[in-house]
């Protein structure tokens with residue numbers, strides 16, 4: 144006998160997916176019984192416990208994987224949750240996607256993720272892909288109002304849609320938003336209470352939450368007779384480099400601010416870096432306050448004072464609204480309250 148003859152024959156490689164018919168044959172039951180067990184469907188005559196256990200054991204042993212597309216075509220839930228995120232490179236949305244994915248898995252859902260990169264044509268392509276995969280619901284992360292065709296198609300579809308972080312309520316789509324005005328007011332009160340009278344603002348692309356935060360900044364400072372000059376409000380690209388450049392412009396004013404509120408923590412990391420390169424000590428020379436309370440905010444140097452966004456609570460609410468729209472009328476707009484987290488990047492206004 145040769146060496147090759149000593150080895151037991153290999154099982155034939157499977158060149159197709161395992162079907163319910165394969166499971167029925169191996170378990171010695173009907174295909175309809177397999178279908179009822181695997182779909183946990185009600186039956187007029189209860190299926191015996193040992194039969195149910197045998198079907199599940201065979202399905203696992205054969206490596207059966209349900210086809211979401213086939214389930215969708217039959218009208219059953221596919222247990223797929225579609226997510227379109229505006230800017231996946233933004234750590235805020237990356238944190239939100241992680242929270243949403245973890246919570247979805249806990250409910251038995253898988254997430255189908257795509258990034259629109261701020262472009263309408265890419266978002267529309269994603270929407271077509273998500274529909275093809277028969278997602279049970281779609282969650283929008285970030286302001287999509289500059290993409291009316293996408294929103295119009297989603298409103299006209301039968302797929303439940305929920306929007307997060309749009310700034311204000313979105314017509315025809317249930318929304319879950321943060322009270323941006325409350326967050327900005329808390330940041331300003333903290334700085335004014337520390338003696339600051341010249342307060343600057345750095346904002347990103349003027350959409351959704353960022354637009355609301357800038358408007359709240361101007362309105363509240365004006366209401367307490369500290370209306371900022373145009374030079375004390377800088378717009379930046381939504382990345383640390385943008386925050387860095389905007390901070391340099393702010394501090395190059397003839398009367399620079401003694402404190403700066405930054406619209407996002409992502410931008411604030413750039414502002415902190417700019418302060419260091421300019422030889423400014425935070426908070427002795429200038430205080431910096433962010434918004435979002437990303438995990439990195441506690442680990443910057445100095446640690447960042449920021450407005451805490453309840454990301455996990457908001458994503459959990461979004462999933463609940465999305466998957467329960469078939470049994471409950473969804474709310475038009477849920478608004479959650481942020482809180483200020485005071486760390487080392489803010490302090491008393493410099494004297495003189």
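Numbering (our numbering), first residue to last: 144 to 495. Backbone N, C-alpha and C fix where the C-beta goes; we use that ideal spot for every residue, glycine too. Since we're looking at a predicted model, the values are computed, not measured.
Would DSSP call residue i helix, strand or coil?
i	result
residue 318	strand
residue 408	helix
residue 217	In this predicted model, residue 217 has a pLDDT of only 44, less than 50, meaning its place in the structure is not dependable; the value taken from the coordinates is given anyway. It is coil, neither helix nor strand.
residue 377	strand
residue 277	coil
residue 231	coil
residue 492	coil
residue 180	helix
residue 422	coil
residue 160	coil
residue 188	coil
residue 172	coil
residue 415	helix
residue 255	strand
residue 444	coil
residue 250	coil
Whole angstroms is fine: what's the gap from residue i's alpha carbon to residue j's?
i	j	result
residue 409	residue 360	18 Å
residue 492	residue 423	14 Å
residue 169	residue 281	38 Å
residue 199	residue 462	29 Å
residue 373	residue 393	10 Å
residue 466	residue 395	51 Å
residue 224	residue 279	6 Å
residue 439	residue 235	10 Å
residue 347	residue 178	52 Å
residue 340	residue 369	7 Å
residue 398	residue 387	19 Å
residue 421	residue 353	26 Å
residue 306	residue 226	10 Å
residue 543	residue 382	No information on residue 543 is available, as it lies outside the stretch 144 to 495 that the chain covers here.
residue 285	residue 415	25 Å
residue 478	residue 324	11 Å
residue 446	residue 486	6 Å
residue 303	residue 296	12 Å
residue 365	residue 404	15 Å
So, are the CB atoms of residue i and residue j less than 7 Å apart?
i	j	result
residue 406	residue 430	no
residue 317	residue 444	no
residue 326	residue 481	yes
residue 458	residue 239	yes
residue 449	residue 428	no
residue 315	residue 298	yes
residue 254	residue 247	yes
residue 483	residue 375	no
residue 389	residue 331	no
residue 432	residue 489	yes
residue 391	residue 417	yes
residue 312	residue 475	yes
residue 460	residue 321	no
residue 180	residue 195	yes
residue 222	residue 251	yes
residue 188	residue 166	no
residue 454	residue 242	yes
residue 385	residue 355	no
Let's see if you can read the secondary structure: which residues bound the alpha helix (DSSP H) around residue i?
i	result
residue 478	Careful: residue 478 lies outside any alpha helix (DSSP H), inside the beta strand (DSSP E) at 476 to 479.
residue 193	192 to 205
residue 455	454 to 466
residue 393	383 to 394
Mind checking which residues open and close the beta strand (DSSP E) that includes residue i?
i	result
residue 435	430 to 435
residue 484	482 to 484
residue 450	448 to 451
- At which residue ranges does the region 286 to 371 contain complete alpha helix (DSSP H) runs of 4 or more residues, listed in the order of the chain? 291 to 299, 323 to 336 and 351 to 366
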